[in-house]
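Before any comments, here is the structure.
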Amino acid sequence: MKAIVCEKFGTADVLELKDIEKPIPKDNEVLIRNYASAMQALDITFRSGRKVLSGVFRIVATGIRKPRKKVVGLDFSGEVVAVGRKVTQFNEGDQVYGGTMNGGACAEYMRLPINNRIAIKPKNMSFQEAVAVVGGAIPALAALKDKAQIQGGQKVLINGASGGIGTFAVQIAKKVYDTEVTGVCGTSNIDMVKDLGSDYVIDYTKEDFTKNGQIYDVIFDAVGKNNFSNCKNSLSQKGIYVTVDFLIPDYIDYN
Ligand SMILES: NC(=O)c1ccc[n+]([C@@H]2O[C@H](COP(=O)([O-])OP(=O)(O)OC[C@H]3O[C@@H](n4cnc5c(N)ncnc54)[C@H](OP(=O)(O)O)[C@@H]3O)[C@@H](O)[C@H]2O)c1
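Residue numbering for the sequence shown follows my numbering, starting at 585 and increasing by one per position.
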């Protein structure tokens, strides 16, 4: 089968299209025929070998001297074409989508244990639409709904509002929870962030939102470029700071 492989850390030109062996699912795994995969910020981290990941996570997910997982791509959407003997949750023909922690999605086929993050794809979404929500909408929803427990009418600031996670966060905060949204992004993305529903937009190249005297009930750092101590004076008394850095959790290694 064809796959995009990464055998050493580096810039995008280390990626190669290669023929590799089609995987065979183990007893607790499914074999997925991928129809769409998406590259997100973490894929770039894994490919470049940037040392932003540390400790056990770095050893398990990224690799130390070379990429731990050869086939790139975290997010996938496709069809289950074979199931292992012990798998009861999925059947051949199920259309699924999900995310892995260490690659494998940029290949015609991938094998995944059913304890990984796989779900049945909603019927009204294409494979391409489904894969696009995995690395963006899911972390955004986890941050705003589960961690910050946002409520209508609150003042919410999204740092990195123009990114893969931030664009979903703005729409969820505004259109689902009806909050007052301030999006922080670069100059070229101001109009886009306004169009997504931000009531106010701050250009981070011109203004530091932590120093403008504004107070928010929720600050979601959707790019991980800030930290709680910088932001605490911009939070209301019971205000909550959430960052993408601490949202990793339920991705499970599948090797
Ligand atoms: N924990 C999780 O579950 C999870 C999942 C996926 C990703 N992540 C992590 O989340 C982070 C963001 O991912 P992403 O896919 O949204 O990345 P992305 O698409 O690259 O977006 C990052 C955005 O941040 C903006 N930005 C850059 N520097 C900034 C600054 N100093 N202040 C404010 N905004 C700034 C950029 O805005 P402009 O382009 O407008 O300049 C860009 O649109 C990455 O570090 C990624 O590894 C975490």
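Ideal Cβ placement from N, Cα and C applies to all residues, glycine included.
As the structure is a computational prediction, the values presented were derived from the model and not from experiment.
Close beta carbons around residue i, own chain, < 7 Å, minus the five adjacent residues each side
i: Gly748; result: Gln624, Ala625, Gly719 and Gly720
i: Asp834; result: Any reading at Asp834 needs caution, since the residue's pLDDT is 45, under 50, leaving its predicted position unreliable; the model's value is listed next. Arg701.
i: Phe812; result: Tyr825
Proximity test, residue i beta-carbon vs ligand 1 heavy atom, cut-off 7 Å
i: Gly823; result: no
i: Val807; result: yes
i: Cys815; result: no
i: Asp788; result: It should be noted that the sequence gives Tyr, not Asp, for residue 788. Yes.
i: Thr646; result: no
i: Pro706; result: no
8 Å Cβ shell around residue i - same chain, five flanking residues per side excluded
i: Asp762; result: Gly736 and Gly737
i: Leu728; result: Ile734, Val740, Ala753, Ile756, Ala757, Tyr761, Val802, Phe804 and Val826
i: Asn817; result: Thr794
Near ligand 3: residue i beta-carbon under 7 Å from a heavy atom
i: Ser746; result: No copy of ligand 3 occurs in the structure displayed; its ligands are ligand 1 alone.
Residue i (DSSP reduced to helix, strand or coil)
i: Val655; result: strand
i: Arg631; result: helix
i: Phe793; result: helix
i: Gly750; result: helix
i: Thr856; result: Past the edges of the chain, shown from 585 to 839, lies residue 856, and the structure says nothing about it.
i: Phe804; result: strand
i: Asn612; result: coil
i: Val664; result: strand
i: Asn814; result: helix
i: Asn743; result: strand
i: Ser782; result: coil
Cut-off 6 Å between Cβ atoms - residues of its own chain near residue i, not counting five sequence neighbours on either side
i: Gly633; result: Phe593
i: Cys769; result: Ala745, Ser746 and Val777
i: Ser820; result: Ile799 and Asp801
i: Ala620; result: Ser661, Phe711, Gln712 and Val715
Do three or more CB pairs link the segment 769–782 to the segment 791–801 at distances below 8 Å?
no
Does the segment 607–615 come within contact of the segment 665–676, defined as at least 3 CB pairs closer than 8 Å?
yes
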